[in-house]
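Letter 165 of the sequence shown, counting from 1, is numbered 165 in full-length UniProt numbering, and no numbers are missing. The beta carbon of each residue, even a glycine, is placed where N, CA and C say it ideally should be. Every value quoted in this text rests on a predicted model; they were computed, and no experiment measured them. Notes follow the structure.
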Amino acid sequence: MSVSPGYRLISLAPDRANDMLDVNTWAFTGEMRAEDLEAYASEIPFSRTRAMEIADPTLGEVGDLAGVAASYTYRMRVPGGALVRVAGLTWVGVHPGHRRRGLLRAMMGDHLADARARGEVASALYAAETEIYQRFGYGLAARQMDVSLPRGADLREVPGADALRARIEDASLERHGGILADLQRRMERPGTPTLDDGDALRARFADPGAHRRDSERMRILTIEQTHGTPVAYALFRRAGKWDDDGLPSGTVHTWSFGAVDPAATRRLWSVLLDLDLMGTVKASPLALDDPLLWLLKDPRAARARVRDNIWLRIVDVPAALTAREYLCPVDAVVSVPDPLFQDNAGPWRVTSRDGEGHVEAAPGVEPDVVIGVQELSAAYLGGVSLASLAAAGLVEERTPGAVHALAAAFESTSAPVCNLFF
Numbered sequence: 001m002s003v004s005p006g007y008r009l010i011s012l013a014p015d016r017a018n019d020m021l022d023v024n025t026w027a028f029t030g031e032m033r034a035e036d037l038e039a040y041a042s043e044i045p046f047s048r049t050r051a052m053e054i055a056d057p058t059l060g061e062v063g064d065l066a067g068v069a070a071s072y073t074y075r076m077r078v079p080g081g082a083l084v085r086v087a088g089l090t091w092v093g094v095h096p097g098h099r100r101r102g103l104l105r106a107m108m109g110d111h112l113a114d115a116r117a118r119g120e121v122a123s124a125l126y127a128a129e130t131e132i133y134q135r136f137g138y139g140l141a142a143r144q145m146d147v148s149l150p151r152g153a154d155l156r157e158v159p160g161a162d163a164l165r166a167r168i169e170d171a172s173l174e175r176h177g178g179i180l181a182d183l184q185r186r187m188e189r190p191g192t193p194t195l196d197d198g199d200a201l202r203a204r205f206a207d208p209g210a211h212r213r214d215s216e217r218m219r220i221l222t223i224e225q226t227h228g229t230p231v232a233y234a235l236f237r238r239a240g241k242w243d244d245d246g247l248p249s250g251t252v253h254t255w256s257f258g259a260v261d262p263a264a265t266r267r268l269w270s271v272l273l274d275l276d277l278m279g280t281v282k283a284s285p286l287a288l289d290d291p292l293l294w295l296l297k298d299p300r301a302a303r304a305r306v307r308d309n310i311w312l313r314i315v316d317v318p319a320a321l322t323a324r325e326y327l328c329p330v331d332a333v334v335s336v337p338d339p340l341f342q343d344n345a346g347p348w349r350v351t352s353r354d355g356e357g358h359v360e361a362a363p364g365v366e367p368d369v370v371i372g373v374q375e376l377s378a379a380y381l382g383g384v385s386l387a388s389l390a391a392a393g394l395v396e397e398r399t400p401g402a403v404h405a406l407a408a409a410f411e412s413t414s415a416p417v418c419n420l421f422f
């Protein structure tokens with residue numbers, strides 16, 4: 001990996017938090033209030049933060065930062081239930097006065113190589129601009145729905161839901177961090193990340209005022225069994241409003257949520273849909289097959305918008321393919337061209353019996369299918385069909401029928417979604 005002349009790539013320490021936040025305001029055209037700086041700084045995982053520093057005085061003040069990037073360490077659920085190590089890329093930005101000089105490319109190469117060296121099988125991110133990260137092999141691995149519902153929307157009954165207890169409190173890392181970490185580990189939907197890492201968990205509860213956008217501070221709803229075991233949670237905010245006739249028409253905004261069984265899901269939404277002085281609940285992020293959609297007695301009550309959720313970039317192809325299960329038997333040789341990591345190319349023989357996958361190198365064997373690393377990354381969690389990618393001309397089939405066989409094996413029984421923004 002090469003760094004553009006006049007810059008040096010450095011690791012960033014916590015004492016330079018304000019410098020990093022300054023680059024962020026330049027990159028994302030926002031201002032950070034002085035009273036929010038501590039909260040924002042608490043979100044930064046400094047053990048995994050890198051920056052481009054000016055080294056040439058003709059480019060600016062030596063020592064100033066021109067670009068930044070950081071990542072959290074997650075374990076993410078994949079089809080079949082396994083947890084794989086994933087780097088959650090965040091805080092990526094380049095000062096507008098230093099664009100078009102290869103700084104982002106150098107930082108991305110550094111990040112992906114670091115993730116691979118740490119034993120992580122992939123990098124995941126939320127994209128501010130979707131075209132940028134496709135240049136580095138990221139594929140759209142999950143979509144989400146943002147759903148708007150009227151207060152009091154009727155839900156179908158689920159046995160056991162009414163017996164569960166609901167608790168609403170101010171969200172607190174000290175009181176609720178363990179609850180979130182436990183529930184994230186127990187949820188099984190592909191794309192769900194755990195919160196085992198202290199940096200990632202702490203970031204969940206950072207609550208700078210700029211995040212509120214005329215809403216209250218962050219609250220938490222927890223659903224518990226009668227003996228006290230948590231089975232669901234939602235981080236949310238309410239924004240109060242009264243219409244011209246003086247009637248309350250506030251909005252509930254969910255920040256993240258999750259539940260471990262149908263009864264917990266039903267109880268969670270029954271509470272969120274019945275908060276006083278609210279007229280609307282904006283629920284996000286929902287998977288494309290989220291159970292809330294089936295609980296609604298009137299599906300037309302939901303106003304939904306579909307958008308991209310996480311983008312994934314596999315950095316270790318054999319490890320990634322071995323970790324997940326496959327929905328049906330398959331035996332195919334695949335080649336995965338990867339301009340950054342040549343040893344990902346294979347070819348690899350992928351076989352599956354009884355759901356368990358095996359991947360082995362197949363040197364000299366002609367591939368049945370050629371899948372670029374971006375397309376493989378998109379299909380990895382089971383939310384994007386390899387057959388649809390082939391129909392778009394993005395996957396090459398060399399053995400008739402091989403794409404459809406692989407596509408069937410790669411499917412997931414539930415749509416993936418990442419329920420935590422980072």
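| Query | Result |
| --- | --- |
| DSSP three-state assignment for Leu-65, whether helix, strand or coil | strand |
| Straight-line Cα distance separating Thr-49 from Ala-345 | 29 Å |
| Proximity below 8 Å, CB of Gly-137 to CB of Val-395 | no |
| Span of the alpha helix (DSSP H), counted from its first residue to its last, around Thr-25 | 17-28 |
| The stretch 257-264 / the stretch 194-201 touching (three or more Cβ pairs under 8 Å) | no |
| Selection from Val-78, Arg-100, Ala-302 that minimises the alpha carbon distance to Ser-412 | Val-78 |
| Cβ-heavy atom distance, Thr-73 to the ligand ADP, below 7 Å | As far as ligands go, the structure on display features none, and thus does not contain the ligand ADP. |
| Cβ-based burial, Gln-366 [other Cβ within 10 Å; buried from 16] | The question names Gln, but residue 366 in the sequence shown is Glu. It counts as exposed. |
| Anticipated Cβ contact below 8 Å, Leu-381 with Ala-141, distance rounded | 5 Å |
| 8 Å contact criterion, which Ala-70 and Ile-44 should meet: CB distance rounded | 6 Å |
| Inter-residue spacing [alpha-carbon to alpha-carbon] between Tyr-40 and Ala-206 | 7 Å |
| Euclidean distance between Cα positions of Gly-67 and Ser-4 | 12 Å |
| DSSP state of Gly-6 mapped onto helix, strand, coil | coil |
| Cβ shell of Asn-18 (< 8 Å), same chain only, five flanking positions each side left out | Leu-37, Ala-41 |
| Cβ contact check for the stretch 269-280 and the stretch 76-91: 3 or more pairs under 8 Å | no |
| Cβ neighbour criterion (16 or more within 10 Å) applied to Cys-328 | exposed |
| Backbone secondary structure at Thr-130 - three-state DSSP | helix |
| Whole runs of the beta strand (DSSP E) within the stretch 272-346, excluding any shorter than 3 residues | 278-286, 303-308, 311-314, 330-335 |
| Proximity below 8 Å, CB of Val-260 to CB of Ala-232 | yes |
| Inter-residue Cα distance where the pair is Leu-59 and Ala-115 | 30 Å |
| Contact check, Val-384 vs Ala-390, beta carbons under 8 Å | no |
| Beta-ladder partner(s) of Met-187, from DSSP | In DSSP, Met-187 forms no bridge with anything. |
| Residue environment, Phe-422, which counts as buried when at least 16 other CB atoms sit within 10 Å | buried |
| Among Ala-27, Val-23, Phe-257, Pro-291, nearest to Leu-183 - alpha-carbon criterion | Phe-257 |
| Same chain, Cβ closer than 7 Å to Pro-318, neighbours up to 5 away in sequence not counted | Trp-348, Val-359 |
| Distance between Val-370 and His-95 (C-alpha atoms, nearest Å) | 38 Å |
| Option in Asp-146, Gln-342, Met-107 with minimal Cα separation from Leu-9 | Met-107 |
| For Pro-416 and Thr-90, the rounded distance between their alpha carbons | 20 Å |
| Beta-carbon proximity list for Arg-237, same chain, < 8 Å, skipping 5 on both sides | Arg-212, Ser-215, Glu-216, Arg-217, Met-218, Arg-219, Val-252, His-253, Trp-255 |
| Identity of the residue in Arg-151, Asp-64, Tyr-7 nearest Pro-248 by Cα | Arg-151 |
| The stretch 146-163 / the stretch 296-303 touching (three or more Cβ pairs under 8 Å) | yes |
| Rounded straight-line distance, which links the Cα of Val-62 to that of Thr-29 | 23 Å |
| Ala-51 and Met-20 closer than 8 Å at C-beta | yes |
| Proximity below 8 Å, CB of Asn-309 to CB of Pro-291 | no |
| For Asp-191, the nearest candidate out of Leu-125, Leu-173, Pro-159 (CA to CA) | A quick correction: the sequence has Gly, not Asp, at residue 191. Closest option to Gly-191, Cα to Cα, is Leu-125. |
| Cα-Cα separation between Leu-195 and Asp-245, rounded to whole angstroms | 45 Å |
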